[in-house]
Amino acid sequence: MTPNFLLIDAEKDFDVLKAAASPVRVQILKILHEADGLNVNEIADRLQQPQSSISSSITILEEAGLVRTETRKARKGSQKICFATYDELIISFHKAEQAADANLIAVSMPLGLYTQSSVTAPCGICSPEGIIGLLDVPDTFMDPDRMKAALLWFTSGYVEYQFPNNAKIQGRNIEEMEFSMEVSSEVPGTHSNWPSDITLSVNGIELGDWTSPGDFGDKRGLYTPDWWKLSGSQYGMLKTWRITHDGSYVDGTRISGVSLKDLDLSSHRSIRLRIEVKQDARHPGGLNIFGRGFGNYDQEILLRLRTSG
């Protein structure tokens with residue numbers, strides 16, 4: 001059965017946290033998770049607690065949405081059967097919103113808004129609602145519905161995105177550029193040890209390679225929809241490529257000496273990002289890119305430009 005998650009905002013969902021902040025109520029949730037429905041008396045017997053206390057706790061959990069109940073016929077009248085609504089509760093601590101940085105320009109690129117592609121099968125694209133086009137048919141990557149894409153995958157080849165160079169438009173100098181996205185290798189099924197060399201290029205200049213360690217399917221991605229089979233890729237790693245005056249980095253690790261000077265961004269009205277797995281790569285292990293509605297991070301491909309006047 002597909003597990004159900006509840007993502008709890010530690011500040012906004014305080015009532016839910018309060019409902020669960022009781023050893024007895026936690027035990028109730030635990031035994032309901034393990035059982036296929038219990039009535040109040042059965043719960044009271046298992047926990048060796050008064051029926052009145054359990055009934056009160058069930059009401060609190062039900063009001064918080066952590067327990068659902070059904071009324072069923074019994075020998076005498078009816079009885080309330082209780083079920084756990086969720087398999088896991090995940091508490092999220094969001095960073096406080098920072099004041100807008102006048103020197104930062106950010107653009108979020110929808111996953112399906114690539115301007116060029118050339119891929120080999122196995123490959124495919126899908127939205128949070130279902131598969132788009134035909135699986136393992138590269139021409140599907142030109143389907144107009146690709147604009148809805150939240151996950152795409154291929155064995156080798158590339159997709160290319162064209163970002164506006166808003167720094168040039170605003171007459172600003174780029175001091176640092178970042179791309180952020182959730183990615184993994186791609187293998188039929190999943191395999192945590194399946195390396196793949198992923199190459200990023202900007203305006204035709206290669207930044208260098210990063211080797212993805214595998215294709216992850218040990219558990220469902222936090223935002224991966226329920227209809228997506230557990231045998232398929234579930235989530236990736238959130239990686240950040242950064243290009244400075246000194247070179248190119250992935251999560252702080254230098255991958256090449258390609259610098260902002262080499263890219264000459266001031267001469268280009270757009271910033272073309274190519275994400276590629278080469279057929280002749282040392283580790284040609286395919287590529288998954290996760291967008292909003294799939295994976296663990298619920299984001300598109302992000303471009304950040306740090307500028308100066």
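Here UniProt numbering is used: position 134 in the sequence shown is 134, and no number is missing along the way.
A virtual CB, placed ideally from N, CA and C, is assigned to each residue, including glycine.
Bear in mind that the values here come from a model prediction, so they are computed numbers and not experimental data.
With a 10 Å radius around the Cβ and a threshold of 16 neighbouring Cβ atoms, I105 comes out buried. Using a Cβ distance threshold of 7 Å, F290 and L151 count as a contacting pair. Where V67 is concerned, the enclosing beta strand (DSSP E) starts and stops at V67 to K73.
Taken atom to atom, the span from the alpha-carbon of P138 to that of F154 is near 9 Å. In the structure shown, the three-state DSSP call for P138 is helix. S266 places its beta carbon 7 Å or farther from that of I255.
For V24, the uninterrupted alpha helix (DSSP H) segment begins and ends at P23 to E34. One Cα belongs to E160, the other to D9, and the distance between them is close to 35 Å. Residue state for L113 is assigned as coil, using DSSP reduced to three classes. When secondary structure is reduced to three states using DSSP, K80 falls in the strand class. A contact is defined here as three or more CB-CB pairs under 8 Å, and the segment 234–243 meets this definition with respect to the segment 169–188. One alpha carbon belongs to P50, the other to R75, and they sit about 22 Å apart. V26 counts as exposed, since fewer than 16 other beta carbons sit within 10 angstroms of its beta carbon.
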